[in-house]
Structures are given as structure tokens and as C-alpha cells.
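Structure first, commentary second.
Protein chains: 4
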Amino acid sequence: MGNSIGKIFKLTTFGESHGAAIGGIIDGCPAGLKLDFEKIQKQLDRRKPGQSKITTQRKESDTVQFLSGIFEGKTTGTPIGFTIKNEDAKSKDYTHVKDTFRPSHADYTYHQKYGIRDYRGGGRSSARETACRVVAGAITQQILATIGVEVQAYVSAVGSVNLNTCYTNLDLSLTETNLVRCPDVAIAEQMITTIEKTKKEGDTIGGEITVVATGVPAGWGEPVFDKLHADIGKGMLSINAVHGFKYGFGEVDISSSKGSEVNDIIIDESGKTKTNFSGGIQGGISNGNDIYCEVAFKPVATIMQKQEIIDVNGEKVEIKGKGRHDACVVPRAVPIVESMMALTLVDAYLRSKINKI
Amino acid sequence: MGNSIGKIFKLTTFGESHGAAIGGIIDGCPAGLKLDFEKIQKQLDRRKPGQSKITTQRKESDTVQFLSGIFEGKTTGTPIGFTIKNEDAKSKDYTHVKDTFRPSHADYTYHQKYGIRDYRGGGRSSARETACRVVAGAITQQILATIGVEVQAYVSAVGSVNLNTCYTNLDLSLTETNLVRCPDVAIAEQMITTIEKTKKEGDTIGGEITVVATGVPAGWGEPVFDKLHADIGKGMLSINAVHGFKYGFGEVDISSSKGSEVNDIIIDESGKTKTNFSGGIQGGISNGNDIYCEVAFKPVATIMQKQEIIDVNGEKVEIKGKGRHDACVVPRAVPIVESMMALTLVDAYLRSKINKI
Amino acid sequence: MGNSIGKIFKLTTFGESHGAAIGGIIDGCPAGLKLDFEKIQKQLDRRKPGQSKITTQRKESDTVQFLSGIFEGKTTGTPIGFTIKNEDAKSKDYTHVKDTFRPSHADYTYHQKYGIRDYRGGGRSSARETACRVVAGAITQQILATIGVEVQAYVSAVGSVNLNTCYTNLDLSLTETNLVRCPDVAIAEQMITTIEKTKKEGDTIGGEITVVATGVPAGWGEPVFDKLHADIGKGMLSINAVHGFKYGFGEVDISSSKGSEVNDIIIDESGKTKTNFSGGIQGGISNGNDIYCEVAFKPVATIMQKQEIIDVNGEKVEIKGKGRHDACVVPRAVPIVESMMALTLVDAYLRSKINKI
Amino acid sequence: MGNSIGKIFKLTTFGESHGAAIGGIIDGCPAGLKLDFEKIQKQLDRRKPGQSKITTQRKESDTVQFLSGIFEGKTTGTPIGFTIKNEDAKSKDYTHVKDTFRPSHADYTYHQKYGIRDYRGGGRSSARETACRVVAGAITQQILATIGVEVQAYVSAVGSVNLNTCYTNLDLSLTETNLVRCPDVAIAEQMITTIEKTKKEGDTIGGEITVVATGVPAGWGEPVFDKLHADIGKGMLSINAVHGFKYGFGEVDISSSKGSEVNDIIIDESGKTKTNFSGGIQGGISNGNDIYCEVAFKPVATIMQKQEIIDVNGEKVEIKGKGRHDACVVPRAVPIVESMMALTLVDAYLRSKINKI
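Respectively, the protein sequence lines represent chains A, B, C and D.
Heads up: the first sequence runs through residues 21 to 377, numbered per this note's numbering.
Heads up: the second sequence runs through residues 21 to 377, numbered per this note's numbering.
Heads up: the third sequence runs through residues 21 to 377, numbered per this note's numbering.
Heads up: the fourth sequence runs through residues 21 to 377, numbered per this note's numbering.
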């Protein structure tokens with residue numbers, strides 16, 4: 021259970037890190053959308069391993085093969101099935117974890133839950149699964165583009181190197197100009213240095229991604245439980261390694277703010293507000309202003325340092341990371357965050373079509 | 021849409037702040053649970069308005085009436101229908117907002133989404149709806165008690181008064197000894213002072229609640245999208261005024277932490293870890309350690325200061341809060357946060373029953 | 021579980037036959053619908069007990085009280101909560117079934133499933149629950165009316181008295197002119213006689229209802245599993261006592277028909293077909309022609325004759341029906357069948373809003 | 021939408037008749053089930069085209085490739101992704117239907133719903149999709165086998181050749197001894213003759229399948245909307261060409277039966293009833309007796325006779341079936357019916373795990 025997301029635009033994924041392939045089914049994509057396959061691949065390329073010196077060196081082309089739901093380049097309204105082959109899996113790197121539980125990994129929890137687990141590369145718990153999200157995310161970004169909505173994410177923190185600037189003061193077109201995907205080029209350099217230094221130490225480090233959606237009209241999102249930000253939050257928290265989520269409030273601390281300081285006052289009939297501490301959402305429904313939020317990632321659990329752990333028999337053993345891993349996930353997670361935002365927004369958009377009689 | 025939560029244990033709520041009643045239906049409650057009705061009412065009392073000098077003075081007994089699903093004091097497995105009457109609604113206090121959009125309220129967004137809104141007391145967007153969550157939450161806390169799981173929340177910040185102590189170093193039995201529901205009595209005094217001062221200024225202030233679940237066995241939570249913390253996060257973010265969510269990591273900053281510092285190492289066969297930065301969840305599945313998270317609330321939007329806004333015709337008008345409002349919501353939100361945690365955990369618990377053949 | 025129906029327009033019901041009240045929540049009703057409350061009550065009156073000499077004599081006013089989701093007579097898009105009080109429950113009539121399992125009733129199955137049951141009046145398994153469906157059904161009929169869709173049901177068989185005429189050759193405006201709700205007045209008389217005779221014998225008898233939906237445009241219904249007729253069929257089969265369902269094919273036997281005889285040929289651009297054996301649905305999607313189907317009801321299980329059964333201890337006991345029961349349910353089931361058709365169609369209608377980009 | 025079935029054990033399918041492949045994802049399969057892959061293939065072989073002289077001659081090996089969710093031969097609890105390649109698609113046979121709407125096919129309805137359709141082989145509306153159901157069905161049959169539940173279907177009517185014998189008087193082990201899958205060998209011969217004769221005439225004919233589930237314990241199925249027979253009925257009605265469904269009542273007509281004739285009296289503590297008109301279900305919940313139902317199939321719409329139809333421009337054209345088609349679908353539909361029964365039962369079984377506290 022739990023491998024689907026979305027109520028109307030629904031993505032279901034399958035696949036393990038070292039199985040034959042990963043893939044998914046998109047059900048609920050409206051018919052008649054002309055797909056730009058290059059753009060889909062481009063988003064996959066931004067997520068794929070081995071793309072630069074600061075990412076894991078596993079080599080995957082991450083080529084998506086569409087099997088259905090598309091006819092003469094357009095969506096037909098029927099489910100879009102797709103697969104991505106696992107090409108460079110090195111399962112041998114994982115025989116040493118077959119009988120042990122790596123720290124802060126899902127080895128123990130899968131073992132306890134299911135009584136059986138595919139230990140190779142973390143199996144289903146591997147972030148490799150997120151490639152499927154990017155496929156669906158790229159399609160939803162194309163749906164959003166037809167109505168003028170754009171989703172852009174960028175790295176806003178790596179370790180203690182923090183951007184500390186609101187997105188409104190940044191030139192997001194610079195995001196792709198550097199390996200770490202931070203629109204402030206000088207800060208980006210510091211981030212890259214931090215990642216390289218951390219990697220040399222055999223360690224890993226956390227980070228943060230900010231994501232902005234512009235052009236969202238008022239009226240998306242449902243009261244009470246499916247508030248737009250609650251669904252966005254769930255989407256983000258479902259990404260591997262994410263531990264924190266905040267929407268709106270810019271550089272301001274939520275808890276210590278005062279009503280008189282953070283109330284957003286509407287200044288014209290379009291619903292535009294003077295400030296945007298609300299992050300474009302009030303009462304769980306979009307208000308026509310920019311939607312933005314921050315997503316905090318913990319450091320990757322696999323480190324190249326020795327750790328003393330226990331095995332399935334409760335015996336103490338020493339472990340040291342093998343395989344190819346990222347020292348910091350945020351540069352590759354940028355398209356994943358964009359995808360979860362786009363997926364959630366499209367679902368909200370489609371749901372909003374029945375607001376009124 | 022969006023008025024239900026839970027996949028197996030499902031709560032659906034209805035009701036506006038100033039309608040005849042609010043209420044809900046719980047579908048999926050296992051049969052044979054002997055209910056302690058006093059405990060349910062006690063949780064409602066912790067949430068209800070007018071309970072102390074630092075809360076709104078609206079007077080509601082918040083008495084729940086159960087209409088079905090219970091026979092001779094026990095649940096029967098059939099849906100539990102319930103209502104709570106609205107007794108002290110003063111709709112006149114809201115005639116001035118009929119044609120205006122209050123800052124940082126849901127007036128504008130409901131107007132845009134539905135083209136019609138019950139403006140009295142915020143209608144459906146009122147936090148009054150959360151009383152229904154507390155009814156269901158109190159029932160789920162009783163389900164959890166049968167298997168040794170306990171959920172406790174407390175206020176960890178009011179404005180800049182921050183507890184800054186991990187729950188493991190607190191005596192949570194002290195939470196109810198003060199009006200603000202903070203287990204550190206000295207800090208609680210500062211919080212109360214802050215709320216009173218803020219109220220005098222006609223202003224409002226944000227805050228933070230920490231919630232802890234003990235006794236959760238390993239194996240609850242579903243990969244991939246319905247990760248336990250993603251569902252908990254969604255539940256929390258669906259509470260009125262919540263803008264931020266973080267799980268695990270105690271007083272440590274997520275993004276700037278290193279793998280070598282925050283990896284949780286299992287130290288015995290029960291799965292107990294030396295540290296618990298993971299917050300009791302790995303790969304979206306509980307690992308048998310305490311689950312804990314922090315929930316950040318923005319300040320209440322209704323302030324007793326003048327604000328210049330626009331009305332439905334785009335004309336500028338001056339508004340000043342009327343009615344009875346909280347200067348800070350966190351003291352009353354403690355049982356709501358507990359409820360969302362308990363609801364999510366029970367749903368995960370019931371889902372976990374099909375893990376294995 | 022299982023107390024909700026509909027994906028977008030969702031009805032959830034609660035309540036036992038002899039509890040304080042039954043009721044429900046409608047989530048997903050579009051905003052801005054002006055409700056005709058008299059029409060809702062009129063549908064309830066067609067279903068309510070005690071309406072004529074051929075129905076059970078239990079007296080219920082079946083007055084619905086709406087608690088939310090309606091403002092100044094219009095739907096607001098928020099959930100519509102409602103209750104119907106149980107006024108004339110005579111629980112004493114059921115003390116004799118407390119420890120026995122009545123034949124062809126749900127006593128045994130509830131007992132086995134839940135280990136506890138509210139035996140009074142059949143508890144949750146009572147057809148009293150269907151009053152809630154009629155409330156929602158009457159609302160959906162009003163939604164359908166705004167787009168020219170009409171749903172009409174009538175009794176087409178009582179015991180061996182069978183109408184044997186296609187609806188196209190009947191004047192459906194005559195349905196309400198007689199107690200049994202059959203548009204052929206002469207046949208109706210025979211049906212009434214049959215019911216009265218059966219009642220005198222202390223027996224019960226089955227029957228059949230035909231339902232027709234006119235004005236449904238092409239394009240409603242979803243491939244593959246949620247085919248329009250599959251969802252209609254599920255809705256009908258979920259009505260108490262229904263054992264059979266057939267759509268299309270008029271008086272023709274499905275299995276023995278030949279392709280050359282029953283193929284429906286489109287004769288103009290509106291999609292109109294020369295014949296309509298398909299019952300207005302092809303590939304699970306409406307084709308613009310009339311939708312019609314037949315629903316077969318078994319005889320009521322409670323008979324006023326002695327039957328030898330076993331009790332919870334396996335001991336043989338003799339039972340004879342007490343309480344007030346229908347000798348044939350179909351006259352009262354007509355608005356229920358209409359309701360399930362209307363509910364399913366509205367859900368399909370709302371889902372169809374996202375067919376195309 | 022609508023491409024998933026099941027609440028806990030959920031199958032989602034994708035794929036068109038002439039696309040690269042069809043396939044699906046099973047989410048919610050319990051971990052630890054040792055799969056018998058030969059049995060899965062055997063069920064696919066019973067459904068596949070080209071298996072005998074009375075089926076379509078399209079040649080498909082219908083080999084299923086599993087991509088995930090299985091490790092060392094056992095299910096892992098993670099989603100099972102699978103594909104089946106389309107090998108013998110002859111799309112040229114369909115160029116003549118590109119701009120026409122075949123009678124009683126889904127051409128027109130897909131065109132109206134989506135504005136675009138993959139016309140080759142009927143696209144998504146092709147019964148080829150049901151191969152995916154058989155994959156999942158075969159897995160669920162293996163789950164059921166672990167708890168002693170068996171599902172068996174057989175052909176009970178072809179045209180006017182009707183078995184007219186209750187399953188209790190048949191030897192179901194004879195079902196596979198003849199091409200038409202009827203356990204009465206003499207009747208089977210008549211059925212085969214009928215199909216061959218019909219085929220020679222370029223015509224098609226309807227039929228009926230009966231399915232029996234033995235060993236189902238009491239307590240499966242949910243009141244009120246998700247009654248066990250309502251979910252079974254929906255599953256059956258979602259199979260291509262199915263127009264009718266009946267559960268219980270054997271050879272007896274539902275509507276004309278009397279309560280005194282068809283009431284099922286429990287005769288011992290196991291819940292066994294003297295008769296079984298209820299078809300093993302009371303109040304929507306299994307009662308421990310055999311579950312059985314009948315499913316009626318209309319004749320295949322593609323006939324080899326000339327029919328005058330209209331094209332997309334409303335012009336009259338003459339059409340005659342091309343391609344390779346069945347004259348009667350029921351022999352190949354037997355494993356499909358079994359699959360839908362097994363899928364529904366497993367979902368009900370898993371849901372029943374939370375009946376009691």
C-alpha cells in the first residue's frame with residue numbers, strides 16, 4: 021500500500037533499486053496534451069546519478085519508455101504506463117548489508133514490517149524510485165504550462181551555507197548555471213566547496229530546497245483535510261530524506277511572528293496582497309499570489325566512515341559504506357521537489373473544476 | 021471534497037462555525053472497543069473556547085452527542101455519527117465582514133473558489149471544525165492505549181519564548197498544571213505573560229507544539245507516498261494556522277547536520293537506537309523508538325488593530341477585529357495536535373495488519 | 021468501512037434502525053445549487069414506511085434536518101451534514117432475536133464479523149439506512165435537472181406479475197398514480213392484489229424495478245474498472261435485498277442474443293442509435309442514448325410464519341416474525357433506485373469534467 | 021481515471037491493444053507469499069487468443085514479465101509491476117475504422133469523451149486489458165489457497181444452450197476437459213457446435229458464466245455500500261461485454277420467489293444453511309456457505325456481416341468486420357471471471373482483518 025499519490029491525477033509507482041526496472045502508471049491525465057518528450061528527459065537528466073563531480077557516480081541513462089496512453093504524440097486520457105531500466109546496478113556492493121541493519125536506513129524497518137526485504141541498493145526504499153516521480157512531474161509541469169503556471173525549485177542551503185534571500189530577490193534563471201543549482205552564483209560556489217569537503221571526509225551533509233509556483237489562480241485546494249499546503253507538505257515529506265517543511269513566511273520565523281507583522285492585506289481586486297507571508301494560500305486554498313515553500317533534507321545515511329552496528333542476530337559488527345553515494349542530495353533533488361509541487365498542483369487544479377455548479 | 025482523512029480509520033467532518041451544529045462520521049473503527057466517554061469530553065474541554073483567561077471568551081460546552089456505532093458502551097464496527105451543537109454563535113459580530121476580505125483569512129479564497137460563502141464566524145474555515153477531530157482523536161487515543169501507545173503534546177514555544185529542551189528531559193505530567201500547557205512551569209509563566217501582553221496590544225502571536233508518541237512498535241507506515249511522517253505531516257498541516265512541520269532532529273538543525281553526527285545506530289535487538297534523530301521513523305516506517313515532531317503555528321489573523329483592506333467591490337475600507345478571538349492558539353491546539361497524531365497512528369496501525377501473508 | 025460511495029460526489033452514511041438518528045455527510049457537492057427542499061422531502065415520503073396499506077406500518081415522518089453546507093438556500097461547496105430522527109422504533113419487538121439468527125438476515129454475519137451487534141431492528145443492516153441515500157439522491161436529481169438529465173424508476177415486476185413492456189412504450193407519468201408505482205395501471209392492480217394476498221399468507225415476495233435516465237450526454241463513465249454500468253450496478257446491488265442487475269437489452273435475453281440482432285447502429289451525428297440494446301453505454305461510457313437497467317429484489321426475509329432456527333448457543337428454537345414489515349419492498353424502493361442512479365450519474369458527470377485538457 | 025480496483029489489494033492496469041505492451045501494478049499484496057509462476061502462466065494461457073479452433077486466431081504468447089515486488093520467489097510487500105508485450109498486433113486491420121464508429125463498440129464514446137482515440141484494435145477498450153486482471157487474479161487465487169478458499173468458474177450458457185443445473189450437481193473438475201469450459205460434457209458439445217455454426221454465419225453469440233467460491237469464512241464484506249456482492253458485481257460488470265449479474269438463487273427466479281421458499285435457515289453452529297439461495301452472503305457479508313453468481317455476456321460486437329454505419333463526418337458507409345475475433349467470448353472469459361472474483365475476495369479478506377479491536 022501507499023504507492024499512489026493524487027486523487028484525480030494519480031501516480032502509482034513500482035520498482036526496486038536493483039530490480040529489472042522501475043516504472044509507474046499515471047491515471048487521470050486529461051486527453052489531448054501534446055507531450056514534449058525532450059523536456060521530460062531533461063528533467064530526468066537533472067535528477068540522474070553521475071551527472072557531475074558532486075553526485076554519486078552510478079551511471080544510469082534514466083531513459084523513460086512510454087508504453088501506453090499516448091497516441092501520435094498526444095495523451096489519450098487512458099493510463100500512461102512507463103518504465104525506466106536499471107542499467108548500472110552493482111548488487112555485489114550490498115551483500116555486506118544482507119544481514120545487517122545500516123544506521124538511519126530503512127533496512128530494519130522493512131525487515132520488521134515485511135519479514136523479507138530486497139536488500140540490494142536499499143530495494144524499494146532507494147531514492148531511485150523518485151525518477152518515476154520526475155516523469156510524472158515533468159508531464160504535470162507541461163499541463164501547468166498550458167495555463168500559465170510555472171514551478172521552479174533551487175537549493176537554498178547546503179550545511180550551514182544558507183542563501184538567506186527571498187526568492188523575489190533572486191534571478192532563478194541562474195539556477196542551472198552551476199552544479200549545485202543555487203541561483204546565487206557566489207553562494208553556489210561555497211555550497212560546492214562544502215559538498216566536496218564533506219565528501220573527502222567520507223561524510224554527508226543536509227540541505228534545503230526552496231520551491232516557487234507562479235501563476236496559480238485563486239481557488240485551488242480543498243478544505244478541510246486536503247488543504248493545498250497539507251497536500252504539498254505530504255508530497256514533499258514523502259521524498260526520501262526530507263525531515264522538515266515550511267510554507268510561506270519567507271525568512272521570518274513562524275512561531276515568533278505577530279499578527280500585525282505578518283497579516284497579508286489584499287491591495288487590488290485581483291487578490292494581490294501587499295506582503296505574502298501566507299505563501300499564496302489561505303484556509304488551504306490558493307489566493308492568486310505566488311506559492312512557495314522550503315523543504316529540509318537530512319544528510320544521506322550512508323557515510324564512508326566506520327560505524328559499529330548490529331546484525332540480524334543481534335551481534336555487533338563494523339560497517340563502512342560501499343557503493344556509490346551522494347555526499348549531499350539536494351542538487352539532484354531539485355527536479356524531484358519541482359515534480360511533487362507540480363503533481364500536487366495539477367491534482368488541485370483538476371479538483372477545482374467541480375467547485376461550482 | 022477534502023473533508024475526510026484516513027484510509028482505513030476514516031474521519032469525515034461537516035459544519036460551519038455559526039451553523040446549527042458541527043459533527044462527523046468515523047468509518048472503520050474496529051468493533052468491541054469499550055469507550056470512556058469522560059475521556060473524550062475531557063479532551064474536548066482542553067480544546068474548547070472560554071476555558072481560561074488566555075483563550076477566546078466564546079462559551080461553548082462542546083458536548084458531543086453520539087448517534088450511532090456504539091451499543092451498550094462498545095463500538096460495533098459500524099460508523100460512529102456524532103454532532104456538537106453551536107451554542108454561543110454571535111453572528112452579528114460578522115456582518116461587517118460580509119462584503120470584505122479580512123487579511124490572512126480564508127474569506128477571499130472561499131469567495132473565489134465557491135462564489136458563495138457563509139461569512140459568519142469564518143464558516144467552514146473556522147477552527148471550530150477541529151472539535152470534531154478531537155472527538156475522533158480521543159477515540160483513537162483509546163485504541164492506542166489498548167496496545168500501549170501513548171500520545172502527548174505540549175506547547176514548546178510562544179512567540180520568542182522557546183522551551184529549547186528535548187522532551188526526554190521534561191516531565192510531561194506537568195503539561196496540564198498551567199494554562200498554556202507547557203511542561204516547564206517557569207517557561208510556562210513567561211509564555212502566559214507574553215500572551216497577555218500581546219492581547220493587551222490587540223495583537224496576536226505564533227507558537228509551537230511538540231508531540232511525542234511512545235510505544236509505537238516497528239512496522240507502521242507505508243512506503244512510498246504514505247510514509248508515516250508524510251501522513252503525520254499532512255495531518256498537522258491540515259490544522260488551522262499551521263505553517264511548519266519537522267519530525268525528529270530534536271534541537272538540531274536538519275540542513276546543517278552531518279551524517280556522522282545524526283546517524284542513529286541500533287544498539288539492541290528490540291531496534292532501540294543510541295540516538296533518535298530519525299524521530300522513530302526510517303524510510304517512512306516506524307522503528308520502535310519514540311516518534312516526535314514539532315508543529316509551528318502562525319499568529320491568529322484576527323487582530324484588534326485597525327487595518328486598511330478592500331471590499332468585494334475593490335473599495336478601500338478600514339477593518340478592526342470584532343468578536344472573541346484567541347491571542348495565541350497553541351494552548352487550545354494541544355489536544356488537536358494529539359488528535360491528528362493519534363488518528364494517523366491508528367490508521368497506520370490498522371494498515372499494518374496486512375503487512376504479511 | 022464501506023459506508024461511503026462516490027469518488028468526487030461522495031455520500032457517507034451512519035445510523036442504526038433503532039438508534040437516536042440516522043444521517044450522512046455529502047462531500048463534493050458543487051457550490052451554488054439552489055435546493056428545493058420540498059422535492060427532497062417528497063422523495064423521502066415516497067420511501068417512508070406507513071405510506072399506504074401495502075407497506076409496513078412503522079410510522080416515521082422521515083424529516084431531514086440539514087446542519088451544514090447550505091447558506092441562504094444554496095449549497096456552499098462545503099460538506100452537507102444531515103440527520104433523520106428515528107421516531108417510532110419499537111425495540112421490544114426485537115428482544116426475541118437478541119440471541120438468535122433470523123433466516124436470510126444479517127444477524128449471523130454481523131455477529132461473526134464484529135463479535136457484537138445492535139440487534140434492534142436489524143441495526144445497521146436495516147433498510148432504514150436507505151433514507152439517507154434518498155436525501156443525497158434527491159439533491160443529485162436536482163443537479164442533473166440543471167443539465168437536462170432526468171431519472172425515473174418504476175416497478176416492473178411483483179412476483180410473477182411482470183410488466184413485460186419496454187419503457188419506451190410506457191407513460192411514466194402514471195407511475196405515481198397507484199400504490200405500487202407501476203406505470204401500467206392494469207398491471208399495477210394485479211401487483212397490489214399479489215402483495216395483499218402474500219401479506220395475508222404471512223409471506224413475502226420479490227419484485228423488480230426498472231430505472232431510466234434520459235438526457236445523459238455522451239462521455240460519462242470511466243474505463244476500465246469504473247465503467248458507468250459497473251458503478252451503477254454496484255450502487256444498485258448495495259441496496260438491501262437486491263440480488264440481480266441487468267443493463268440494456270430490454271425484453272431480450274442477453275446470453276442467447278446474436279451480434280447481428282443486437283448491434284446498435286448510430287444513425288446520426290448526435291450519436292443516436294437505431295436500437296438501444298446497449299442501454300446507452302458502450303465500453304463503459306455513455307453514448308448519448310437513454311440509460312436503463314433492471315434491478316431484481318428478493319423477498320423480504322422476515323415472514324409471519326413459524327421457522328425453526330438455531331440460537332447463539334446452537335440450540336434449536338422456533339421463530340415467527342414480529343414487528344412491522346413489508347410484504348414486498350419494491351414500491352418503497354423506487355426512490356432508492358432512482359437515488360442510486362442519480363448519485364452514480366452525478367459522480368460520473370463531475371469526473372467527466374477532466375476528460376480533456 | 022477508473023483504472024484501479026480494490027481498496028487494500030489494489031490493481032491498476034495500463035495498455036492498449038496495439039501499443040508496445042500492456043501491464044499493471046499490484047499494490048497491497050502481503051509479503052511472504054511464495055509465488056507459483058507456472059500457475060500464473062496457466063491462467064493466462066486459458067485466456068489467451070489462438071488457444072483453440074473456437075477462439076480468435078490472434079497469436080499472443082501472453083508471457084508476463086514481473087519487474088518488481090518479488091525477491092527470491094516471494095512477494096516483498098512492495099508493489100508488483102508487470103508487463104505483457106503485444107506481439108501479434110495487426111494494426112492495418114483497423115485503418116478502416118479510423119474514421120468510423122463501429123456498432124456497439126466504444127469507438128464513438130471514446131471519441132466523444134476524449135476527443136482523441138487510439139483506434140487500433142479498439143485501443144484501451146479492447147478486452148486485451150483483461151490479461152492484466154488474470155495476472156493479478158492468479159496471484160490472488162494463490163493467496164486464497166493459503167486459507168483454503170477456491171474459486172472456480174465455468175461456462176453455463178452459450179446462446180440458447182443452457183446448462184440449467186446447479187453447480188452442486190456438477191463435477192467442476194471436468195471444466196477443462198473441453199474447449200468451451202463447461203463441466204457437462206454433453207452440453208459442452210452442443211455449445212461448441214453452436215459457436216462453430218455462429219462463426220460460419222459471420223455472426224456472434226452471447227453466453228453465461230457461473231463462478232463459485234468455496235471455503236470463504238463468515239465475516240468478509242462491508243456494510244453498507246461495499247457489500248461483498250456489490251463489489252463482486254462491480255468487478256464482473258467491469259469485464260468487457262458483461263451486461264447482467266445475479267448472485268445466489270440458483271435456478272430460481274429472484275423476483276417471483278417467496279420468503280417462505282427461499283429463506284436460508286442455519287442448521288448448525290458453523291453457520292451452514294439448509295438451502296443457499298443467499299449465495300453465501302447476507303447483509304453484504306459472507307456467511308460461511310459457498311458464494312456463487314452468474315455473469316451474462318452479450319455477443320461480440322464485431323461481426324463478419326455487412327452493416328451500414330456512419331463515419332466521423334456523419335456520412336453513411338458500409339462496414340464489415342476485419343481482423344481476428346471471437347464468435348463467443350465466454351470460453352476465454354472463464355479465467356477472467358475467476359480473477360475478478362478472487363481479486364474481490366482477497367480485498368475483502370484483507371479488509372476483514374480490522375473488523376475487531
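Glycine included, every Cβ here is placed at the ideal spot set by N, Cα and C.
Candidates the options: closest to residue i by CA position
i, options, result
"B:I259", "B:E228, B:E281, B:H345 and B:D288", "B:E228"
"B:G48", "B:D191, B:K336 and B:Y369", "B:Y369"
"C:L365", "C:H131, C:R67, C:V231 and C:R352", "C:V231"
Test: residue i CB closer than 9 Å to a CB of chain B
i, result
"A:Q210", "no"
"C:S88", "yes"
"C:P237", "no"
"C:N333", "no"
"C:G308", "no"
"C:K254", "no"
Straight-line Cα distance separating residue j from residue i
i, j, result
"A:I60", "A:V154", "8 Å"
"A:E281", "A:E271", "13 Å"
"C:G143", "C:T75", "20 Å"
"A:A206", "B:S277", "22 Å"
"A:F29", "D:M21", "8 Å"
"D:A158", "B:G239", "28 Å"
"C:S124", "C:E335", "18 Å"
Chain D contact for residue i (CB, 9 Å cutoff)
i, result
"B:A41", "no"
"A:D65", "no"
"C:F29", "no"
"C:N375", "yes"
"B:N163", "Just to set this straight, residue 163 of chain B is Ile in the shown sequence, not Asn. Yes - at least one Cβ of chain D is within 9 Å of the one on B:I163."
Anticipated Cβ contact below 8 Å, residue i with residue j, distance rounded
i, j, result
"B:G299", "B:I311", "6 Å"
"D:Q172", "C:A126", "Between C:A126 and D:Q172 the Cβ distance is about 27 Å, and since that is not below 8 Å, they are no contact."
"A:G279", "B:V178", "Incorrect: roughly 13 Å between the Cβ atoms, too far for contact."
Short CB-CB distance (under 9 Å) between residue i and chain A
i, result
"C:L248", "no"
"D:R148", "no"
"C:T76", "no"
Local Cβ density within 10 Å of residue i, reported as buried at 16 or more and exposed below that
i, result
"A:G168", "exposed"
"C:N309", "buried"
"A:S180", "exposed"
"A:T218", "buried"
"D:Q85", "exposed"
"B:D288", "exposed"
"C:V337", "exposed"
"A:K27", "buried"
Contact with chain C by residue i, beta-carbon distance below 9 Å
i, result
"A:K363", "The amino acid at residue 363 of chain A is misidentified as Lys; the sequence shows Leu. No, A:L363 lies away from the interface with chain C (no Cβ there is under 9 Å from its Cβ)."
"B:F91", "yes"
"D:G97", "no"
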